[in-house]
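Enquirer: My structure is below; once you've seen it, I'll send some questions.
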Amino acid sequence: SEGGGRGQGPERRLRRRRGGSRAQKGGSLQGVEPNKFLSYGLSCRFGARTSLGSSRRGAGPEGDLDAASPRDDDVLPNSLDDCLLRSAMASASGLSQGLGRMVVEVFVPELFDPLSGAMMANEGDQMKYWNMTRDYCEGLFRLTERKMRVIYPDAGVAAMLSSQWKKEGAVNFEFSSLNDRVPFQEDTDELLVIACADPQSVDEVISIARKVEGNIPVVLFNPRLASGDVGIGLAIRRLRNDFLSSFQIIYALRPFDGGAVFKQYPDLWKVFVADPTQSGRFKLIAEKIRRPGGEELANIIEEYLDGPRGDGEEGQGEKGSGNPLDEVFKFIRELQKFARDISQS
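The sequence shown begins at 0 in this note's numbering and counts up one residue at a time.
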């Protein structure tokens with residue numbers, strides 16, 4: 000396959016690349032502290048101490064602990080670097096299978112509002128966001144060796160990142176922006192990654208995808224094309240939804256406090272919550288064909304917390320004040336109420 004090139008599997012080739020200077024900065028993305036990655040209940044899995052217990056790493060591209068006893072949560076990444084590695088590997092696999100339209104979603108709570116999308120509340124957050132894009136694209140290039148072009152939201156961002164990153168060393172992809180007159184080169188580009196597109200740029204994204212359809216694969220990295228704006232008409236919403244439905248979600252990780260919604264193509268969507276019997280691990284509680292969210296996600300969590308009832312047995316979320324996950328369950332119950340409010344508004 001394309002991802003394996005030159006006798007090496009994608010994982011081994013990317014590991015060799017990760018031995019470089021960028022991978023030596025504390026084992027995490029520059030500027031993002033490891034103990035903050037996915038802090039919404041997942042930080043114990045990602046190498047940090049939390050109220051749920053001490054850190055624990057599972058099997059995967061960055062470690063093979065627990066290899067003798069595989070668990071459902073081994074599919075979850077161990078760090079932000081590992082998450083971007085896995086998403087690049089999943090993308091390379093999709094390309095080798097002939098997929099022409101793919102979506103990658105890697106959401107970090109410090110940089111994203113899980114409901115409305117990117118918020119970038121603190122100084123430097125935007126650069127951390129772009130660094131995520133760079134790490135993903137560099138990894139994907141190492142795996143596929145395709146001539147790649149990354150298309151950013153505007154010309155100012157593209158020019159700034161091109162100048163800064165080329166000063167730091169070689170960059171393995173070309174730069175463009177959505178408002179360029181010619182945002183891609185059909186004769187030379189072999190892969191387009193549209194980085195962090197927002198609702199205002201949906202028309203440009205649709206135009207590019209249609210022009211290169213069947214010729215150049217397109218990856219949407221952390222898109223936020225859907226919008227909850229009440230002023231958007233039904234026809235525009237349908238156009239947007241129909242367009243997004245033509246893309247295959249190849250990798251997605253959306254954490255919430257106490258768990259995460261996860262997908263890696265071609266598997267089903269998975270819902271994980273903190274395992275009350277083993278600190279630092281997560282329990283698979285549901286698998287769905289479509290992404291669970293809002294009321295459906297709240298119901299999945301509630302059913303898990305209530306558990307099978309009979310003979311006076313209580314639900315898993317109500318087993319006494321000694322349960323170390325009481326605070327997590329309390330938050331999830333608040334999430335349920337919030338999700339219901341959202342669905343009814």
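Glycine included, each C-beta is placed from N, C-alpha and C at the ideal position.
Which one or two residues does DSSP pair with LYS380 in a beta bridge?
Expert: A question about residue 380 goes unanswered here, because the residues of the chain that appear run from 0 up to 344.
Enquirer: Report the three-state DSSP secondary structure of VAL181 (helix, strand or coil).
Expert: Coil at VAL181, not helix or strand.
Enquirer: Helix, strand or coil for VAL105, going by three-state DSSP, please let me know.
Expert: VAL105 falls in the strand class under three-state DSSP.
Enquirer: If you compare alpha carbons, which of SER68, VAL181, ASN221 is closest to TYR250?
Expert: Selected option, being the one with the closest Cα: ASN221.
Enquirer: Taking a contact to mean a Cβ-Cβ separation below 7 Å, would you say GLY257 touches ALA273 in this structure?
Expert: Yes.
Enquirer: What is the DSSP secondary structure of PHE242, counted as helix, strand or coil?
Expert: Helix at PHE242.
Enquirer: Buried or exposed for GLN263, please, with buried defined as at least 16 other CB atoms from any protein chain shown within 10 angstroms of its CB.
Expert: That one is buried.
Enquirer: Going by alpha carbons, who is nearest to LEU75 out of GLN125, LYS282, LYS166?
Expert: With distances taken between Cα atoms, LEU75 lies closest to LYS282.
Enquirer: Let me confirm a value: SER162 is counted as buried when at least 16 other C-beta atoms fall within 10 Å, else exposed. Which label applies?
Expert: The residue in question, SER162, is exposed, as its Cβ has fewer than 16 Cβ neighbours within 10 Å.
Enquirer: Looking at C-alpha atoms only, which residue of ILE205, PRO254, MET159, VAL260 is the closest neighbour of ASN240?
Expert: Nearest C-alpha to ASN240: ILE205.
Enquirer: Can you say whether VAL181 is buried or exposed, counting buried as having 16 or more other CB atoms within 10 angstroms of its CB?
Expert: Label assigned to VAL181: exposed.
Enquirer: For GLY26, does the three-state DSSP call read helix, strand or coil?
Expert: Since pLDDT at GLY26 reaches only 35, below the 50 mark, its modelled position is unreliable, and no value is offered.
Enquirer: Would you mind reading off the limits of the beta strand (DSSP E) that contains SER176?
Expert: Looking at the DSSP string, the run of the beta strand (DSSP E) that includes SER176 is 172-176.
Enquirer: Could you compute how far the alpha carbon of LEU304 sits from the alpha carbon of ASN298?
Expert: For LEU304 and ASN298, the distance between alpha carbons rounds to 10 Å.
Enquirer: Please identify the residue among LEU267, MET147, GLY97 whose C-alpha is closest to the C-alpha of GLU185.
Expert: For the residues LEU267, MET147, GLY97, the minimum Cα distance to GLU185 belongs to MET147.
Enquirer: If you follow the beta strand (DSSP E) that VAL204 is in, where does it begin and where does it stop?
Expert: Segment 201-211 is the alpha helix (DSSP H) holding VAL204; no beta strand (DSSP E) there.
Enquirer: Excluding the 5 residues preceding and the 5 following GLY93 in the sequence, name in chain order all residues of the same chain whose CB lies nearer than 8 Å to its CB.
Expert: MET101, GLN247, ILE249, TYR264.
Enquirer: Tell me whether SER245 is buried or exposed, calling it buried when 16 or more other Cβ atoms sit within 10 Å of its Cβ.
Expert: That one is exposed.
Enquirer: Can you pull the DSSP bridge partners for MET147?
Expert: Answer is PHE172, LEU190.
Enquirer: Among residues of its own chain, excluding the 5 on either side of GLY213, which ones have a beta-carbon nearer than 8 Å to its beta-carbon?
Expert: Excluding positions up to five away in sequence, the list reads GLY99.
Enquirer: Provide the residue(s) that pair with TRP268 in DSSP beta bridges, ordered along the chain.
Expert: TRP268 is bridged to LYS287.
Enquirer: Would you kindly report the start and end of the unbroken alpha helix (DSSP H) that includes LEU296?
Expert: From DSSP, the alpha helix (DSSP H) with LEU296 extends over 294-305.
Enquirer: Can you tell me where the alpha helix (DSSP H) with VAL156 in it begins and where it stops?
Expert: 154-167 is the extent of the alpha helix (DSSP H) around VAL156.
Enquirer: Quick test of your reading: PHE183 and VAL211, contact by CB under 8 Å. State the CB separation rounded to the nearest angstrom.
Expert: Right, the Cβ-Cβ distance comes to about 7 Å (below 8 Å), so this counts as a contact.
Enquirer: Which stretch, first to last residue, makes up the beta strand (DSSP E) that contains LEU79?
Expert: Element bounds for LEU79: not the beta strand (DSSP E) but the alpha helix (DSSP H), 79-95.
Enquirer: Figure out for me which residue from GLU294, TRP268, LEU83, CYS82 has the closest Cα to the Cα of ILE284.
Expert: ILE284 has its Cα closest to that of TRP268, out of GLU294, TRP268, LEU83, CYS82.
Enquirer: Taking the alpha-carbon positions, what's the GLY138 to LEU296 distance?
Expert: Approximately 32 Å, taken between the alpha carbons.
Enquirer: Quick check: what's the CA-CA separation for ALA259 versus ILE300?
Expert: Going from the Cα of ALA259 to the Cα of ILE300 covers about 11 Å.
Enquirer: With respect to the beta strand (DSSP E) encompassing VAL217, which residues constitute its N-terminal and C-terminal limits?
Expert: VAL217 -> beta strand (DSSP E) spans 217-220.
Enquirer: Whole angstroms is fine: what's the gap from GLU167's alpha carbon to PHE255's?
Expert: Approximately 35 Å between the Cα atoms of the pair.
Enquirer: Does the beta carbon of VAL181 sit closer than 7 Å to a beta carbon anywhere in chain D?
Expert: This model lacks chain D altogether; it includes just one protein chain.
Enquirer: Please report the Cβ distance between PHE172 and CYS136, rounded to the nearest whole angstrom; I am assuming they are in contact, meaning their Cβ atoms lie under 8 Å.
Expert: Indeed they touch by this definition, with Cβ atoms about 5 Å apart.
Enquirer: Ignore the nearest five residues each way along the sequence and tell me which others in LEU160's own chain have a CB closer than 8 Å to its CB.
Expert: The answer, listed in chain order, is TRP129, ARG133, TYR151, PHE174.
Enquirer: Look up TRP129 in the DSSP assignment and say whether it is helix, strand or coil.
Expert: Looking at TRP129 - three-state DSSP - the assignment turns out to be helix.
Enquirer: Based on DSSP bridge pairs, tell me the residues matched to ALA273.
Expert: For ALA273, which the question treats as bridged, DSSP gives the partners PHE281.
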